[in-house]
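Per this note's numbering, numbering through the sequence shown is continuous, rising by one, with the last residue being 452. Glycine residues also receive a C-beta, built at the ideal position from the N, C-alpha and C atoms.
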Amino acid sequence: MADTIFSKILAGEIPADIVWSDEFCIAFRDINPQAPAHLLVIPRKAIVSLADASDDDTALLGHLMRVCAKVAEQEKIADAGFRVVANTRTDGGQDVPHLHFHVLGGRAMKWPPG
Ligand code: 5GP
């Protein structure tokens, strides 16, 4: 997999406001926040998108979901509620080809998304 902005953040080559780090993933603040709280949770493993994950990644994907909930708790947006989004491939609006989950909160979300 080619280098991406996110692989560079993982390698420490680009700075980021990291709010979570463990053996499997990190979470950091989105540079262009779409809500008062906007975090990105990304695996250390180079997976391009949710559609590119395999059955071997099932435990990792579960872990990433738990971390989404934990960073929401940490950001104090869990009680009011929050949204987790995985933009996937072209029609999903994915810009960065490294799997990531957006965790958005701090305001009421609208539905349907654009
Ligand atoms: P996507 O559109 O791929 O689902 O989301 C990519 C996200 O990465 C966007 O919300 C964008 O603001 C964020 N982003 C892009 N480059 C950087 C960066 O260098 N640092 C951080 N913290 N976020 C970034």
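| Query | Result |
| --- | --- |
| How is the alpha helix (DSSP H) around phenylalanine 344 delimited, first residue to last? | 343-348 |
| Near glutamate 361, which residues of its chain fall below 8 Å by C-beta distance, leaving aside the five closest residues on each side in sequence? | Arg382 |
| Comparing the CB of valine 357 with every heavy atom of ligand 1, is any distance shorter than 7 Å? | no |
| Going by DSSP, what residues sit across from valine 441 in a beta bridge? | Leu377, Val422 |
| Could you check what DSSP says for arginine 404 in three-state terms: helix, strand or coil? | helix |
| Can you tell which of Pro450, Met447, Arg445, His436 has the C-alpha that lies nearest to the C-alpha of glycine 384? | The sequence shown places alanine at residue 384, rather than the glycine named in the question. Closest by alpha carbon: His436. |
| May I ask you to verify whether the region 351-359 touches the region 438-451, counting CB pairs closer than 8 Å and requiring at least 3? | no |
| Would you check if the distance between the CB atom of alanine 373 and the CB atom of valine 405 is smaller than 8 Å? | no |
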